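A.B. asks:
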Amino acid sequence: MFTSFRWRIALPYVVLIWLLLFGLAYGLARPLCGATGNCRTIWLWGAGLAAIGLSIVLGRQVAAVIVRPISQLTLAARRIATGDDSARLLPARADEIGQLTTAFNAAIDNLRRLNASLAQEQHHLATVLRTMGGGVIIADGDGRVQRINPAALALLEVMRKDVAGASLAEVMRHHRLIEAWQECRHTGQEQTIALEVYTHNQTTFWQVIITPLAETTSQGYMVLIQDLTEIHRLQSVRRDFVSNISHELRTPLASLKALIETVHDSALDDPPAARRFLQRAVTEVDTMTQMVEELLELARIESGKVPLRLQATSLENIVQPVVERLYSQAERAEVEVVLNLPDDLPRVLVDAERIQRVLTNLLHNAVKFTLPGGQIHISVYVSDSERPQHQKPTLDRSPMVVVAVRDSGVGIPPTDLPRIFERFYKTDRARSRGGTGLGLAIARHLVQAHGGEIWVKSKEGKGSTFSFSLPTAS
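First residue of the sequence shown: 3, per our numbering; consecutive thereafter.
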């Protein structure tokens, strides 16, 4: 079988070894043969000893050539069976044993590459599961969890991270999820459900898809949990936006229609009345035009399409012109404006025109909601500690310049404060005083575009303080 034994090469050496052994036996047996005369027995013993010696030599040769490499191959195979793919044999020969060793080493190399590829794929899978925003649970046919990602643990509020082997019912802990999994297990069909979950005094919206993994060698299930809360919020914002803009446009349109109908029906013969009605119509058109322009501006700001021309600017050049422009409006409203502008303020890195727009919106609101005889205080100062209540303090926060507008007006109800910077949002008092409801939303986006923050503190009946921060030029 093993042609690599090379009998044509090895046979002369075997014969030579046998002759040497036989000659040795003959040399030892010849004196005994002459002395005893029993040569036949002595020759038989000599031949036997030579054969035994030859067998020993051949056995050692066979062990060296065949048995030992096979033993090494067996040991290497056992190491591989235990998961050690570092085993390797040295193919020092060109016979069949050497070819078998070479093939064995090639198989080990292929196995090592396959193991590396499998480990890489498992790492990629684990990374994908770990970084997915949606929750993923993979379970076996009995509903025992095999894999679960951090998002699923957070959504399901599972405190312990080691849930491998736990049942789906124990992990999901929601009767509709458990019922959907049981339905999927019974029918073998994918189940999709929408859930409204109440946790920590807030409502979250989930879409859960439970899919049978029937294509695997054994039955299993995959549970995908998608948190749609933000999508629901955006849909609500969109609905509110459509409702608000419809309301804001309907009011001036209805007024405009009434004015035109009045002019058409009865004021054509009364030129002074007609001019008065037409002037009011122009005012309503200007209101709608302003609303459209502010909407377009807000859309450009939110999309980042409004470039900021940042320059180191003094606060005096920003605040003083705005106060002077609104002074006549405040005087007509019988409201006193007090400006506190220190001389040693650092320069700020801003687009002066945009920040003046922010301050104009805040001062305009302050004048509008302050009763006659009230006051508006404008103060500017440097602070590295004051910030919105929702913002966490940081050790490396650079000093910011804060501009604060404090009025003694009607104040804002606590329920309205969280939404005061939303577009079109108005308090009950604000609805009766006109305006588009976009000024504060524009102010917030402009301040945030400069890297600052805007916030409000207010007590109903005691006035409000709107503040915003700006980065210093240094």
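Ideal placement from N, C-alpha and C gives every residue a C-beta, glycine not left out.
None of these values were measured; they are calculated from a predicted model.
Within the segment 180-265, note down every full beta strand (DSSP E) run reaching 3 residues or more, in order along the chain.
C.D. replies: Entirely contained in the segment 180-265, the beta strand (DSSP E) runs reaching 3 residues are, in chain order, 193-201, 204-214, 222-229.
A.B. asks: Shorter than 7 Å, the distance from the beta carbon of residue 242 to the closest heavy atom of the ligand FMN, or not?
C.D. replies: What this structure holds is no ligand at all, so the ligand FMN is not there to describe.
A.B. asks: State the Cα-Cα distance for the pair residue 107 and residue 82, rounded to the nearest angstrom.
C.D. replies: Spanning the two alpha carbons is a distance of roughly 11 Å.
A.B. asks: Could you have a look at residue 162 and say whether DSSP puts it in helix, strand or coil?
C.D. replies: Residue 162: coil per DSSP, three-state reduction.
A.B. asks: Quick one: is residue 174 buried, meaning 16 or more other Cβ sit within 10 Å of its Cβ, or exposed?
C.D. replies: The residue is buried, with at least 16 neighbouring Cβ atoms inside 10 Å.
A.B. asks: Check whether the segment 332-345 touches the segment 300-308, counting contact only when three or more Cβ pairs, one atom from each stretch, lie closer than 8 Å.
C.D. replies: Touching, no.
A.B. asks: Could you check what DSSP says for residue 423 in three-state terms: helix, strand or coil?
C.D. replies: Of the three classes helix, strand and coil, the one that applies to residue 423 here is coil, per DSSP.
A.B. asks: Classify residue 479: buried if its beta carbon has 16 or more other beta carbons within 10 angstroms, exposed otherwise.
C.D. replies: Nothing in the structure corresponds to residue 479, since the chain is present only between 3 and 476.
A.B. asks: When the distance is taken between beta carbons, is residue 451 closer than 8 Å to residue 361?
C.D. replies: Result no, Cβ atoms of residue 361 and residue 451 do not sit closer than 8 Å.
A.B. asks: Considering only residues of the same chain and omitting the five flanking positions on each side of residue 194, which have a CB-CB separation below 6 Å?
C.D. replies: If we look at residue 194 and ignore the five residues flanking it on each side, its Cβ neighbours are 211.
A.B. asks: Leaving out the 5 sequence neighbours to the left and right, which residues in its chain are closer than 7 Å to residue 373 when beta-carbon positions are compared?
C.D. replies: Closer than 7 Å at the Cβ level, and outside the excluded window around residue 373, lie 411.
A.B. asks: If you follow the beta strand (DSSP E) that residue 357 is part of, which residue opens it and which one closes it?
C.D. replies: Segment 354-370 is the alpha helix (DSSP H) holding residue 357; no beta strand (DSSP E) there.
A.B. asks: Going by C-alpha to C-alpha distance, which of 177, 149, 154 sits closest to residue 166?
C.D. replies: Answer by Cα proximity: 149.
A.B. asks: Classify residue 105 as buried or exposed, calling it buried when 16 or more other Cβ atoms lie within 10 Å of its own Cβ.
C.D. replies: Label assigned to residue 105: exposed.
A.B. asks: Rounded to a whole number of angstroms, what is the C-alpha to C-alpha distance between residue 186 and residue 243?
C.D. replies: Cα to Cα, the separation comes out at about 40 Å.
A.B. asks: Any idea if residue 479 is buried or exposed, counting beta-carbon neighbours within 10 angstroms, 16 or more meaning buried?
C.D. replies: Outside the shown range of the chain, which is 3 to 476, sits residue 479, and nothing can be said about it.
A.B. asks: What does a CB cutoff of less than 6 Å around residue 368 pick up in its chain, not counting 5 residues either side in sequence?
C.D. replies: Around residue 368: 378, 407, 409.
A.B. asks: Cα separation between residue 402 and residue 467?
C.D. replies: Taking the straight line joining both Cα atoms gives about 18 Å.
A.B. asks: Looking at the structure shown, is residue 378 part of a helix, part of a strand, or coil, going by DSSP?
C.D. replies: Three-state DSSP puts residue 378 in a strand.
A.B. asks: Please work out which residues of its chain come closer than 7 Å, Cβ to Cβ, to residue 465, disregarding the five sequence neighbours upstream and downstream, and give them in chain order.
C.D. replies: 408, 409, 410, 411, 413, listed in sequence order.
A.B. asks: Measure the C-alpha to C-alpha separation of residue 460 and residue 469 and round it to an integer number of angstroms.
C.D. replies: So the alpha carbons of these two residues sit roughly 11 Å apart.
A.B. asks: For residue 84, name the three-state secondary structure that DSSP assigns.
C.D. replies: Here residue 84 sits in coil by DSSP.
A.B. asks: What is the DSSP secondary structure of residue 319, counted as helix, strand or coil?
C.D. replies: Three-state DSSP puts residue 319 in a helix.
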